[in-house]
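In our numbering, the protein residues as written are 68 to 589.
From the three backbone atoms N, C-alpha and C, an ideal C-beta is built for every residue, glycine too.
Here the structure comes first, spelled out in structure tokens, and everything after it is commentary.
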């Protein structure tokens, strides 16, 4: 069997209901017992047939003995008469006395012809014309039945094939020989020879429920036989019941077993399954009312009820814990945001109060990064309830506003153009994006930029591309080398944190990097 056929059979078997499977297994388990009982019943029926055949042979033997005994006496008389006719001085007298003796023989009246040495009969019964004798073929006697089945002609031969005599008997005479005294029984007796048949005892016609036994007994070496057709008694209702009882017991046992399993096991399980399928956390679980279910099923229902209550209790505890954790995280983000705003305010105060331009610029640069981090926490705090991550569109918008507000006086005219798709990222990615945008925009401001473009476009594979284009960086950059070197190291490190390669297009002053974004339904 191929693997595909096996998988198909396994699938069809698995699709069957448990009740049908139980009925199948019960039937298979009880089948050997049923087969044994049926085999025993058929053996009994065969024994009855064998017994009927033995009785038929015994009955046939009785009739054969009567038949051969009656005809053998006449045959012996005819054979003795031939020798007497040949040796007697008055053969006609011997013929007449022999015919008279044959006529007086009890129960076997017939017509006879006696022969001497020649092929012509020396004497014969009145009105009897013997038919031509067929070849003896080494037999001492041969019998022929007339086509109409009313006469039996017996030819007697010498060992050398010379005809000795002829005897003819009609059907009524032979029937009396066979049937007296009468033997009771449902059987028929007949003589058969070639294609001819002589009925000596008619038997009853076989019904649809009867069968017959046919037994032939050849008569000496005469070429014909006595046949007995015996009827086996019909199959009675008792016999049918004996034969069918094992099958009925097998079917009944399988059916009762299936009903018990269905009543005590499968139906309660089906109702319990329906209740379990309809159960939803937070709702009550009511066990179905089942009459006389198995104790194990009732215990299973109670166990599921307890498990459902335990799960519901644990879910309530988990929901409470999640709510507490959410409040705690919101509080943490809120406090971090407030602290960062306090730090940014302090840096702003120090920057304004400093008389040294370089120190003031350093304070302002640090303030811009603190503001970027505060913006991330504020946006994460806003999206915390939805649990979708940090939205980059409002984050970049707020970050651009802060950068314009804190821009140095030399870059007060710098414009920031935004084209940001509505994508969401994790907090770690949002922090790196905020710092990366801040670094590039600030570097552009220090290098005399008048236009900065920030674009985020979604791409395939759960990613989006962040591109920041600064017009001042598309030409020869007139900036402090130390500042440019520090800028390159910082943006390269931030790209590494984003696990992406930083792509540079010097001709356009463009920096781009791939971001891993969250699914839209996250």
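For this session: Only counting runs of 4 or more residues, tell me where the alpha helix (DSSP H) segments fall wholly within the region 465-515, in order along the chain.
Result: Complete alpha helix (DSSP H) runs here, min 4: 494-513.
Exercise. In or out: residue 466 buried (at least 16 other Cβ within 10 Å) or exposed?
Worked result: The residue in question, residue 466, is buried, as its Cβ has 16 or more Cβ neighbours within 10 Å.
Exercise. Which word fits residue 385, buried or exposed, when buried means at least 16 other C-beta atoms lie within 10 angstroms of its C-beta?
Worked result: With fewer than 16 Cβ atoms within 10 Å of its Cβ, residue 385 is classed as exposed.
Problem set entry | Own chain partners of residue 270 with C-beta closer than 7 Å, once the 5 adjacent residues on each side are dropped | Take residue 270, set aside five residues on each side of it, and the residues of its chain with a beta-carbon closer than 7 Å to its own are 253, 254, 255, 296, 298, in chain order.
For this session: Take residue 197 and list the residues in its own chain whose beta-carbon comes closer than 7 Å to its own, dropping the five residues that flank it on each side.
Result: The answer, listed in chain order, is 180, 188, 191, 233.
Exercise. Taking Cβ positions, are residue 173 and residue 240 nearer each other than 9 Å?
Worked result: Contact: no.
Exercise. What does DSSP give as the partner residues of residue 257 in its beta bridges?
Worked result: Checking the DSSP bridge columns, you'll see residue 257 partnered with 266, 294.
Problem set entry | Extent of the continuous alpha helix (DSSP H) run through residue 162 | Its alpha helix (DSSP H) spans residues 158-171.
Exercise. Quick one, which of 267, 262, 225, 251 has its alpha-carbon nearest residue 245's?
Worked result: Taking residue 245 as reference, the option from 267, 262, 225, 251 with the minimal CA-CA separation is 267.
For this session: Give the secondary structure of residue 614 by DSSP, where H, G and I count as helix, E and B as strand, and everything else as coil.
Result: Summary: the structure shown does not reach residue 614, with the chain confined to residues 68 through 589, and so no result is reported for it.
For this session: Use the C-beta contact count for residue 539: other C-beta atoms within 10 angstroms, 16 or more gives buried, fewer gives exposed.
Result: With 16 or more Cβ atoms within 10 Å of its Cβ, residue 539 is classed as buried.
For this session: Determine the direct distance from the alpha carbon of residue 223 to that of residue 236, and round the result to whole angstroms.
Result: If you draw a straight line from the Cα of residue 236 to the Cα of residue 223, it is about 14 Å long.
Problem set entry | Contact under 9 Å by Cβ, residue 550 with residue 558 | With respect to residue 558, residue 550 sits apart: the two C-beta atoms are not nearer than 9 Å.
Exercise. Starting from residue 560 and walking both ways along the alpha helix (DSSP H), at which residues does that stretch end?
Worked result: Here the alpha helix (DSSP H) through residue 560 covers 548-564.
Exercise. If residue 490 sits next to residue 525, beta carbons under 8 Å apart, how far is it from one beta carbon to the other, in whole angstroms?
Worked result: The beta carbons of residue 490 and residue 525 sit about 6 Å from each other, so the pair counts as a contact at 8 Å.
For this session: Return helix, strand or coil for residue 195, following the three-state DSSP convention.
Result: Of the three classes helix, strand and coil, the one that applies to residue 195 here is coil, per DSSP.
Exercise. Are the region 209-226 and the region 126-137 touching, with three or more C-beta to C-beta distances below 8 Å?
Worked result: Judged by Cβ distances under 8 Å, the region 209-226 makes no contact with the region 126-137, as fewer than three pairs qualify.
Exercise. So residue 54 is in the alpha helix (DSSP H); what residue range does that whole segment cover?
Worked result: Any property of residue 54 remains undetermined from this structure, which presents the chain solely from 68 to 589.
Exercise. Taking the alpha-carbon positions, what's the residue 376 to residue 314 distance?
Worked result: Within the model, the alpha-carbon separation for residue 376 versus residue 314 is close to 51 Å.
Problem set entry | Reduced DSSP category for residue 276 - H, G, I as helix; E, B as strand; rest coil | Legend: pLDDT at residue 276 = 49, less than 50; position of this residue unreliable, value from coordinates given subsequently. DSSP places residue 276 in coil when its eight states are reduced to three.
Problem set entry | Backbone CA spacing between residue 391 and residue 439 [nearest angstrom] | CA-CA distance, residue 391 to residue 439, rounds to 28 Å.
Exercise. Ends of the alpha helix (DSSP H) at residue 334?
Worked result: Unbroken alpha helix (DSSP H) run through residue 334: 334-345.
For this session: Tell me, to the nearest whole angstrom, how far the beta carbon of residue 184 is from that of residue 153; I am working on the premise that it is less than 8 Å.
Result: So it is a contact: roughly 6 Å between Cβ atoms.
Exercise. Is residue 238 closer than 9 Å to residue 209 when the C-beta atoms are compared?
Worked result: In this structure, residue 238 does not lie closer than 9 Å to residue 209 by Cβ.
Exercise. What residue does the beta strand (DSSP E) around residue 572 start on, and which one ends it?
Worked result: According to the DSSP assignment, residue 572 belongs to the beta strand (DSSP E) that extends over 570-572.
Problem set entry | Burial state of residue 257 (16 or more Cβ within 10 Å) | By the Cβ neighbour-count rule, residue 257 is buried, with 16 or more other Cβ atoms within 10 Å of its own.
Exercise. Is it the case that the Cβ atoms of residue 500 and residue 470 are separated by a distance below 9 Å?
Worked result: Not in contact: residue 500 and residue 470 (Cβ atoms no closer than 9 Å).
Problem set entry | Candidates 203, 475, 131: closest to residue 242 by CA position | Answer by Cα proximity: 131.
Exercise. How long is the line joining the alpha carbons of residue 339 and residue 99, rounded to whole angstroms?
Worked result: Taking the straight line joining both Cα atoms gives about 36 Å.
For this session: Quick one: measure Cβ to Cβ for residue 457 and residue 531, integer angstroms, because I've assumed they're closer than 8 Å.
Result: The C-beta separation of residue 457 from residue 531 comes to about 13 Å, leaving the pair out of contact by the 8 Å criterion.
Exercise. Tell me which same chain residues have a C-beta within less than 6 Å of the C-beta of residue 203, skipping the five on either side of it?
Worked result: Cβ within range, chain order: 224, 228.
For this session: Excluding the 5 residues preceding and the 5 following residue 589 in the sequence, name in chain order all residues of the same chain whose CB lies nearer than 7 Å to its CB.
Result: Because the pLDDT of residue 589 is 45, which lies under 50, any placement of that residue in the model is unreliable, and the number read from its coordinates should be weighed accordingly. So the list reads 455, 456, 491, once near-sequence residues are dropped.
Exercise. How many whole angstroms separate the CB atoms of residue 321 and residue 94, which I take to be in contact at a CB cut-off of 8 Å?
Worked result: With 8 Å as the limit, residue 321 and residue 94 qualify as a contact, their Cβ atoms being about 5 Å apart.
Exercise. So, helix, strand or coil for residue 530, using DSSP?
Worked result: Shown here, residue 530 sits in a strand according to DSSP, grouped into three states.
Exercise. Using the C-alpha atoms, what's the distance from residue 91 back to residue 259?
Worked result: If you take the alpha carbons of residue 259 and residue 91, they lie about 56 Å apart.
Problem set entry | Cβ-heavy atom distance, residue 530 to the ligand MG, below 8 Å | The ligand MG is absent from the structure shown, which contains no ligand whatsoever.
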